[in-house]
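Working notes for the structure below.
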């Protein structure tokens, strides 16, 4: 069985400071992991994906995530927040050979001027 | 432009009146899926389709139907909508392959059932 837990429902940072959005997963198999971003009244846009290649994954807009198997974590980071990063972020897990994607409950990022 | 198109984007209707939300993709993707998004619950999978005429239930299929007669289209049907189906709905598609393929999402359909 698979599951994903986003540890913070809301995160607030000041513009120009680092962003950390936390995600822990559970999977019986080596999973595929994704981060998506959702801006208001928009669909979900893929930020980055992990598919068992490099453990440090770089995505769009300066985001990156590190897969840590020992900690079953896939935290999303960005060195310097921008106002346009304010959105909701979803961590997603999928087991290989399946058609199921399990979404976390989301983290709403607020960026303060 | 590669895209997943949902219609309508917004709909207010009444209990029991059948409705269909259409979803179309232009990427020749085999896999398509429907999700509902509710506050504090993230996205939950309703139904998915691995190819034409092949569909299966997701985690919350009750009260919904789907069909996949053509590769590009995957409509979501609510035969007798009820207020607990008021939600934001997303259609998604992806190419053939294992679960490591990312999905492409439509812009969503906001349904209100009175």
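Chains as they are written, first to last, in the working numbering: chain A, 10 to 122; chain B, -13 to 100.
Yeah, the Cβ is synthetic: ideal placement off N, Cα and C, and Gly gets one too.
Which listed residue (the options) has its alpha carbon closest to that of residue i
{"i": "residue 62 of chain A", "options": "A:74, A:55, A:23 and A:100", "result": "A:74"}
{"i": "residue 81 of chain A", "options": "A:94, A:59 and A:19", "result": "A:59"}
{"i": "residue 114 of chain A", "options": "A:45, A:23, A:57 and A:41", "result": "A:45"}
{"i": "residue 15 of chain A", "options": "A:23, A:71 and A:85", "result": "A:85"}
{"i": "residue 37 of chain B", "options": "B:83, B:100 and B:98", "result": "B:83"}
{"i": "residue 17 of chain A", "options": "A:27, A:32 and A:26", "result": "A:32"}
{"i": "residue 19 of chain A", "options": "B:25, B:98, B:-12 and B:3", "result": "B:25"}
Within chain A, partners of residue i - CB distance below 7 Å
{"i": "residue -7 of chain B", "result": "Going along chain A, no residue has its Cβ under 7 Å from residue -7 of chain B, so there is no contact; the nearest lies around 14 Å."}
Within chain B, partners of residue i - CB distance below 7 Å
{"i": "residue 114 of chain A", "result": "26, 27 and 28"}
{"i": "residue 43 of chain A", "result": "88"}
Under 8 Å by beta carbon: chain A residues contacting residue i
{"i": "residue 34 of chain B", "result": "108 and 109"}
beta-carbon residue i near the ligand MG non-hydrogen atom, thresh 7 Å
{"i": "residue 96 of chain B", "result": "The model depicted lacks the ligand MG and carries no ligand whatsoever."}
**Q.** contact_flag[the segment 94 to 110 of chain A, the segment 29 to 40 of chain B] where n(CB pairs < 8 Å) is 3 or more
**A.** By the criterion of at least three beta-carbon pairs nearer than 8 Å, the segment 94 to 110 of chain A is in contact with the segment 29 to 40 of chain B.
Q | Runs of alpha helix (DSSP H) lying entirely within the segment 68 to 95 of chain A, each at least 4 residues, in chain order | A | None, since the segment 68 to 95 of chain A contains no complete alpha helix (DSSP H) of that length.
Q: Taking only beta carbons into account, state which residues of the segment 3 to 20 of chain B come closer than 8 Å to chain A, listed in chain order.
A: Residues of the segment 3 to 20 of chain B whose Cβ lies closer than 8 Å to any Cβ of chain A, in chain order: 17 and 19.
Q: Please determine if the segment 39 to 55 of chain B and the segment -5 to 4 of chain B are in contact, where contact requires at least 3 C-beta pairs separated by less than 8 Å.
A: Using a Cβ-Cβ distance cut-off of 8 Å, the segment 39 to 55 of chain B and the segment -5 to 4 of chain B are not in contact, since fewer than three pairs of beta carbons, one from each stretch, lie closer than that value.
Q. Which parts of the segment 5 to 50 of chain B are runs of the beta strand (DSSP E), unbroken and 3 residues or longer, counting only runs that do not cross its ends?
A. As far as the segment 5 to 50 of chain B is concerned, its whole beta strand (DSSP E) runs of at least 3 residues are 5 to 11, 17 to 24, 28 to 37 and 40 to 43.
Q) For the segment 47 to 78 of chain A, which residues have a beta carbon sitting closer than 7 Å to at least one beta carbon of chain B? A) Going along the segment 47 to 78 of chain A in chain order, one finds 51, 52, 53, 55, 58 and 60 with a Cβ nearer than 7 Å to chain B.
Q. Do the segment 93 to 104 of chain A and the segment 57 to 76 of chain B meet, that is, are 3 or more Cβ pairs less than 8 Å apart?
A. No, because fewer than three Cβ pairs between the segment 93 to 104 of chain A and the segment 57 to 76 of chain B fall closer than 8 Å, the two stretches do not touch.
Q: Scan the segment 42 to 67 of chain B for residues whose Cβ lies nearer than 9 Å to a Cβ of chain A and list them as they occur along the chain.
A: Of all residues in the segment 42 to 67 of chain B, only 42, 44 and 45 place a beta-carbon less than 9 Å from a beta-carbon of chain A.
Q. Between the segment 73 to 83 of chain B and the segment 3 to 19 of chain B, do three or more beta carbon pairs fall short of 8 Å?
A. Yes, the segment 73 to 83 of chain B is in contact with the segment 3 to 19 of chain B.
(Q) At a CB distance below 8 Å, what residues from the segment 94 to 108 of chain A approach chain B? Give them in sequence order. (A) Of all residues in the segment 94 to 108 of chain A, only 99, 103, 104, 105, 106, 107 and 108 come within less than 8 Å of chain B when Cβ atoms are compared, listed by chain position.
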